[in-house]
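In this note's numbering, the protein residues as written are 1465 to 2653. Think of the CB as a built atom: it goes at the ideal place given N, C-alpha and C, for glycine as much as any other residue. Here is the structure we will look at.
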């Protein structure tokens, strides 16, 4: 940053000032002094010239009101910006709250304790509460409307200062003895603050100021120090929070009277006085520090006694109360900014985000691209690229292969293009305090060493080449040199960061570079000159002052230096003839010229002339040609670019007021004198005289100006000569083309188009009845809306191909802006099926995409793409149709497999005689089985219509579950599912045989033959007949097992016993113990003790039971049969199913009883039977649960 005094306002009657405060929002300045002096001033810029903005515009007092009400010296003034109130207090303890009414300040409230004097007042961040502290220890907290919230007496303490925390939860009280105490917002004591900065300090100290930045303008980096406490002896500490144990400590070596943060917490101003060396006299100074304690600048201020300091709301000015004057100093901040490829890159902080917001503002198209960077340190630009230097974020992986895992790099350099896209990055260990870049190198320097990175930006690379580039060693591309070393240009092995941390007595303070020279400045005033790209130390120059900014001209022959005091000097690096020297002697290389300018804060060499540069001196821009200044231009802009006799300047101060909406008015182009004079000559005198002037002062830009003026007047001969002189080949070609045209209006129209007056050129073409040329012009410009308009408005038929081209052009316009709905309408009219498909896909209009597939001809190149689109969203059928339309059955099958539609895959494979599907299916199934995903394998086989394989797996699962003694209902469900799969297999066999036998003539013979053939094929193919023949046996067993228990619980003992008797047929499926235990219980409850006796005999004879269990059964049998005779009360009918002529009698699946009637119901799926009167109560089959018709 650079600071200089700009204005001085005297207070009448030489009344000495005691305090000053600047309202951050409305811009009012309040100053209090002796004899009850209280004034409110306001500085406002008044200018008619739109180009002159900000600090460059003259400022006058728009308000200068004396506020009368105090009698004693006004000692405290503080603003409440949110509610436009001013609170003041004098030496008698009188407090007055002032309010603004119709442009003037009036008393609103008055308060006086009459006991003590007010030492400090502070409003909280939202302006709702004020805390007032009195010298005698009294504290009052009041609301904005004048109500007292609470009061407290801090006994035995003399209060001097008060500050609120940003969240208004904590109050800091500064005591007269230098202590700082922490209280909560209700006045409860929390703790004493530890003051680290007073270590080794002697004598009594008092607090000069406490300022806690509230974060209203964001923070320069996360967890940034924001609480500053400064003592009158010059010691200062800056803390992150109130009990920060490791604060930043500064010794300013001055007598401090006041401190204040700027609007965004990036600069702390410390005002006071400094004792001059070897002289008793003291002089006033303001020192500026970063939140991390780094000294930025020192401002010397005239006068005897400085009493106060206050920042302006935007941080561009500072007011100082000195004796009976208010001094104003202008500040030129070190914005993080750069200019590359017509793009202004700048960074700012937001209160709601921790990161820096970096804006890439394309000034040509007025478009901006935003990117957020944590802990941004600097922005450096060159050519088309930009380097963002920041602290490395621990959360992001570091891609550099050579960064050790245990020692991650602390900083990162990100190479971006002009829209903020990262192209490359490098993680480095040295602190990039100073960064410069050329077309090929990025140079970053810490205080001890500098690092070179030869960056590459490949325009067109294949993926393979990119991999090869990233794999290349960093040898030759990255190098590190210590400032005290003497590099000889020998090939280095690679960057060795270890040597970069060796301390040096003379640290680096600035760097600059061109393509062939690197300049490094050191704090002692020594300048090192190195060659590039091979780094060799060529020369050292010793100067008197420490450089702050360095810049080399376009041919690296002269170096410009701005020192920390703002003095610009020049240093010749190469031998050149000294035109200024009367003796005409040759100046030796490195001799500084006699050129010197003061108060310089920015300068830029011209890109095309080594003797031309522009510089900013206070609020004036000077242009120097051969060290001869032109008349100054009033501006406060930062110089972006100087080329072609034009200076591009950006008013960053204005942009930063509303950084989210940069305005083109804040970008100003200045023409230097020779360009202005040439333009004036052409306009006022004529082309011939101007041509002679330009001949005497040749420059390509001036010749181009002459060529353009000659073109306007259709003086083709002069235009061609001028184009030749400025080497503009396209211009020469254009002039020749004009010479071949016969019509004068045609020439004028072409010239209008050349100067981008397209509306005028089009009007001329239409006046000549050359609609075709107007259309051609608009097509070249890509203005398809106007092309379509011209095509439609013309008389006669228009060209269909042109119409389609226009429709597609408009479609592309909308598609580029992602307005897919609008794009679809125009692509449809332009019959652009490729882009139409893309739009449908983006809109997720799959119906439209399906319609498009039907319209497309066979084997259209778009079909595979549409198939892929459908496949990505899981629409299998539509994808298959698209692939089949372009004769790609393999892709269709692959899609089915990918989407798990195996039945469709198998069907397609059979249709198109593809054999590999079965191997793929079995391979996938075996993978699932290896991972123990049996159910997924069953589903796979079922979808692929491999029902028998699926059934086998299901029977395997069912048997395993039955052995685990899982819940019987679950086991029954598994057996039913297995049996249903077998039924599907039967149906499949039957239908396949029917399709084979279609050629037969007789229907009855056909069906019989096909059924028989189906059975024979089943018999031949099924390796395990148990599954096929007795598919329902497991389901039956568990069905009757559950049915018997249900009858038992419902109290239907007869049916329970009958069902249990039927279960004896399933001893191979259900454990025998379970069957006969159930039979014993049900027969006992049914008083059929004979059957019960048989059940016990069976249980006692089971070999699977151990002796203890057998003994228990015997004891239970003894207990039952000593009471009851082992005979059935009712003689049982034939237990087992009687073998008749038709075999076994069927068992009813509802009751568990045998069916003896001739008429009964049979399930169409599982072929099991039930009594008609029983099944009428059900809607679903009790066994297989299929719906009853």
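Span of the alpha helix (DSSP H) around residue 2160: Locating residue 2160 in the chain shown gives position 696, counting from the first residue. First-last of the alpha helix (DSSP H) with residue 2160: 2151–2160.
Residue interval of the beta strand (DSSP E) (run including residue 2179): Within the chain shown, residue 2179 is the residue found at index 715, counting from 1. Run containing residue 2179: none; DSSP gives neither H nor E here.
Residue 2340 lies in the alpha helix (DSSP H); which residues open and close that run? Along the chain shown, one-based indexing puts residue 2340 at 876. Segment 2340–2349, the alpha helix (DSSP H) holding residue 2340.
Assuming residue 1799 contacts residue 2115 (C-beta within less than 8 Å), just tell me the rounded distance between them. Your numbering for residue 1799 matches position 335 in the chain shown. Your numbering for residue 2115 matches position 651 in the chain shown. In fact, because the Cβ distance is near 11 Å, the residues do not count as touching under 8 Å.
For residue 1759, the three-state DSSP class (helix, strand or coil): The residue you call residue 1759 lines up with position 295 of the chain shown. Residue state, collapsed to three classes: strand.
DSSP beta-bridge partners for residue 1753? Position 289 of the chain shown, counted from the first residue, corresponds to residue 1753. Answer by DSSP bridge pairing, in chain order: 1732, 1759.
Tell me whether the beta-carbon of residue 2025 lies closer than 8 Å to the beta-carbon of residue 2037. Translated into positions along the chain shown, residue 2025 becomes position 561. Translated into positions along the chain shown, residue 2037 becomes position 573. The answer is no: Cβ separation not under 8 Å.
Based on DSSP bridge pairs, tell me the residues matched to residue 2311. Counted from its first residue, the chain shown places residue 2311 at position 847. BP columns for residue 2311 are empty, so no partner.
Taking all protein chains shown into account, decide if residue 1772 is buried (16 or more other Cβ within 10 angstroms of its Cβ) or exposed. As a working note, residue 1772 is residue 308 in the chain shown. Buried, since its Cβ has 16 or more Cβ neighbours within 10 Å.
Looking at the strands, I want to know which residues DSSP matches up with residue 1886. Position 422 of the chain shown, counted from the first residue, corresponds to residue 1886. Bridge partners of residue 1886: 1880.
Integer-rounded CB distance, given that residue 2104 should sit under 8 Å from residue 1808: Within the chain shown, numbered from 1, the residue matching residue 1808 stands at position 344. Within the chain shown, numbered from 1, the residue matching residue 2104 stands at position 640. The Cβ separation is near 7 Å, so the contact holds.
Under a three-way DSSP split, which group does residue 1475 fall into? To locate residue 1475, count along the chain shown from 1; it is residue 11. Of the three classes helix, strand and coil, the one that applies to residue 1475 here is coil, per DSSP.
Can you grab the Cα-Cα spacing for the pair residue 1847 / residue 2297, in whole Å? Along the chain shown, read from residue 1 onward, the residue named residue 1847 stands at position 383. Along the chain shown, read from residue 1 onward, the residue named residue 2297 stands at position 833. Approximately 41 Å, taken between the alpha carbons.
Of the listed residues 1966, 1526, 1945, nearest to residue 1456 (C-alpha basis): Nothing in the structure corresponds to residue 1456, since the chain is present only between 1465 and 2653.
3 or more residues per run - each beta strand (DSSP E) lying fully within the stretch 1503–1548: 1523–1530, 1538–1544
Using the C-alpha atoms, what's the distance from residue 2125 back to residue 1833? As a working mapping, residue 1833 is identified with position 369 in the chain shown. As a working mapping, residue 2125 is identified with position 661 in the chain shown. Spanning the two alpha carbons is a distance of roughly 11 Å.
Hey, quick one: how far does the beta strand (DSSP E) through residue 2657 stretch, first residue to last? Since the displayed the chain opens at 1465 and closes at 2653, residue 2657 lies outside it and no answer follows.
Taking buried to mean at least 16 other C-beta atoms within 10 Å of its own C-beta, is residue 1952 buried or exposed? Here residue 1952 is taken as the residue at index 488 of the chain shown, counted from 1. Exposed: under 16 other Cβ atoms inside 10 Å.
Under 8 Å: do the stretch 1818–1826 and the stretch 1495–1505 share three or more Cβ pairs, one atom per stretch? no
Under a Cβ-count criterion, where at least 16 other Cβ atoms within 10 Å of its own Cβ denotes burial, should residue 1836 be classed as buried or exposed? Within the chain shown, the letter at position 372 stands for residue 1836. Exposed, because fewer than 16 other Cβ atoms sit within 10 Å of the Cβ of residue 1836.
Roughly how many whole angstroms lie between the Cα atoms of residue 2430 and residue 2422? Against the chain shown, residue 2430 aligns to sequence position 966. Against the chain shown, residue 2422 aligns to sequence position 958. If I take the Cα positions, the gap works out to 10 Å.
Rounded to the nearest angstrom, how far is the Cβ of residue 2081 from that of residue 2063, given a contact under 8 Å? Start at 1 with the first residue of the chain shown, and residue 2081 comes out as number 617. Start at 1 with the first residue of the chain shown, and residue 2063 comes out as number 599. With 8 Å as the limit, residue 2081 and residue 2063 qualify as a contact, their Cβ atoms being about 5 Å apart.
Grouping DSSP H, G and I as helix and E and B as strand, with all else coil, what is residue 2164? Residue mapping note: residue 2164 aligns to position 700 of the chain shown, counting from 1. Residue state, collapsed to three classes: helix.
Leaving aside the five residues before and after residue 2218 along the sequence, list all residues of the same chain whose C-beta is less than 8 Å from its C-beta, in chain order. Within the chain shown, the letter at position 754 stands for residue 2218. Once the five neighbours on either side are set aside, the close Cβ partners of residue 2218 are 2175, 2198.
Going by C-alpha distance, which of 2160, 2137, 2324 is nearest residue 2078? Along the chain shown, one-based indexing puts residue 2078 at 614. When only C-alpha atoms are compared, the closest one is 2137.
Give the straight-line distance between the Cα atoms of residue 2252 and residue 2267, rounded to the nearest whole angstrom. Taking the chain shown and counting its residues from 1, the one referred to as residue 2252 is at position 788. Taking the chain shown and counting its residues from 1, the one referred to as residue 2267 is at position 803. Approximately 7 Å between the Cα atoms of the pair.
Would DSSP call residue 1449 helix, strand or coil? With the chain running from 1465 to 2653 in the structure shown, residue 1449 is simply not present.
I think residue 1630 touches residue 1678, with their Cβ atoms under 8 Å apart; what is that distance to the nearest whole Å? Your numbering for residue 1630 matches position 166 in the chain shown. Your numbering for residue 1678 matches position 214 in the chain shown. About 4 Å; that satisfies the 8 Å criterion.
State yes or no: is the C-beta of residue 1586 within less than 8 Å of the C-beta of residue 1626? As a first step, residue 1586 is located in the chain shown; it is residue number 122 there, counting from the start. As a first step, residue 1626 is located in the chain shown; it is residue number 162 there, counting from the start. It is a contact, given that the beta carbons lie within the stated cut-off.
How would you write the range of the beta strand (DSSP E) that residue 2578 sits in, first residue to last? Within the chain shown, residue 2578 is the residue found at index 1114, counting from 1. Careful: residue 2578 lies outside any beta strand (DSSP E), inside the alpha helix (DSSP H) at 2571–2585.
So, for residue 2626: in the same chain, excluding its five sequence neighbours on each side, which residues have a beta-carbon less than 6 Å away from its beta-carbon? Translated into positions along the chain shown, residue 2626 becomes position 1162. Once the five neighbours on either side are set aside, the close Cβ partners of residue 2626 are 2633.
Cα-Cα, which of 2065, 2440, 1892, 2295 is closest to residue 1875? Taking the first residue of the chain shown as position 1, residue 1875 is located at position 411. Looking at the Cα atoms, 1892 is the closest of the given residues.
Quick check on DSSP: helix, strand or coil for residue 1638? Taking the first residue of the chain shown as 1, we reach residue 1638 at position 174. Residue 1638: strand per DSSP, three-state reduction.
Can you tell me whether residue 1583 is helix, strand or coil according to DSSP? As a working note, residue 1583 is residue 119 in the chain shown. If DSSP states are grouped into helix, strand and coil, residue 1583 belongs with the strands.
I need the straight-line Cα distance from residue 1721 to residue 2011, nearest angstrom please. For the purposes of this step, residue 1721 is taken as the residue at position 257 of the chain shown. For the purposes of this step, residue 2011 is taken as the residue at position 547 of the chain shown. The alpha-carbon atoms of residue 1721 and residue 2011 are separated by roughly 30 Å.
Taking the alpha-carbon of residue 1693 as reference, which of 1681, 1707, 1468 has the nearest alpha-carbon? By 1-based counting over the chain shown, the position of residue 1693 is 229. For residue 1693, the nearest C-alpha among the options comes from 1707.
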